[in-house]
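With our numbering applied, the sequence shown covers -16 to 170.
Contents: one structure, followed by commentary.
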Amino acid sequence: KQTISAEYGLTEHWMVEWFTTFIQPGRGGFQYLLTQIESRFRLFEEGEKILDPALSLEYTHSQENGKTQHLIEPTLVLSKDFSHLNFTLDLSLAKTLNTAEKVEAGYSFASRYDFVHLLRVGLEAQGEFLHDAPHYVIPQVHLILPHEITLKAGVGIRYSGEGEKIFIKFMTEVGLELGKSKLAERK
-16 KQTISAEYGL
-6 TEHWMVEWFT
4 TFIQPGRGGF
14 QYLLTQIESR
24 FRLFEEGEKI
34 LDPALSLEYT
44 HSQENGKTQH
54 LIEPTLVLSK
64 DFSHLNFTLD
74 LSLAKTLNTA
84 EKVEAGYSFA
94 SRYDFVHLLR
104 VGLEAQGEFL
114 HDAPHYVIPQ
124 VHLILPHEIT
134 LKAGVGIRYS
144 GEGEKIFIKF
154 MTEVGLELGK
164 SKLAERK
């Protein structure tokens, strides 16, 4: 999968982000997979409350195997920084609009520790609150380079009723400062 995204801060508390993801089956060319648009609003100044809550609303348009889906996903984000340590918990509800599927509840948990200026380690876990739904655990290492370039790598495990599957996740982020906005490209 290859994903490109852009994020823009509308205000100090409100941002929008766009993602488009492509897949490359076999050795052929890239094929469109999905586009996501997210709007996130932080309710208070960071550190003002015990937790830093935010609300997010995400719309996804996907097209795979000739099937088009429209998904809406509201999320409550709870985050907390302790000096060099960060914890974030997302609790979400997802509904595919053009099917009779029920609303699905999910979670995402991430933690990150900043060792030194150039190195961070983290752990990401995500899944759905369903009996046979897959759950993912991904330990990660982040290398912070000059010019707002971040390299992230991790080896993840997917747990499901069908057994475990190991995968590799690699991401490159490049930040560009445009006034108070920020662009990021992720691969």
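Ideal Cβ placement from N, Cα and C applies to all residues, glycine included.
Within the chosen definition, does the stretch 74 to 85 reach the stretch 99 to 108 through at least 3 CB pairs nearer than 8 Å?
-> Result no; under three Cβ-Cβ pairs closer than 8 Å.
Can you name, in chain order, every residue of its own chain whose Cβ lies under 6 Å from the Cβ of Pro36, other than the five neighbours on each side?
-> Correct list, in chain order: Leu26 and Leu61.
Can you grab the Cα-Cα spacing for the pair Pro57 / His118, in whole Å?
-> 20 Å
If Thr18 and Phe5 are in contact, beta carbons under 8 Å, what's the gap, nearest whole angstrom?
-> That pair is no contact at about 10 Å.
In DSSP terms, what Phe98 is bridged to | Bridge partners of Phe98: none, in fact.
Per-residue DSSP class, three states only, for Pro122 = strand
What runs of the alpha helix (DSSP H), each 4 residues or longer, lie entirely inside the stretch 18 to 57?
-> none
For Arg10, which three-state DSSP category applies?
-> coil
Just mark Thr43 as buried or exposed, buried being the case when its beta carbon has 16 or more other beta carbons within 10 Å.
-> buried
Closest residue to Ser22 among Lys50, Phe98, Leu59 and Tyr96 (Cα-Cα distance) = Leu59
Applying the criterion that 16 or more other CB atoms from any shown protein chain within 10 Å of the CB defines a buried residue, is Ile33 buried or exposed?
-> exposed
From the beta carbon of Leu102, is the nearest beta carbon of chain B less than 8 Å away?
-> Absent from the structure is chain B; it holds one protein chain and no more.
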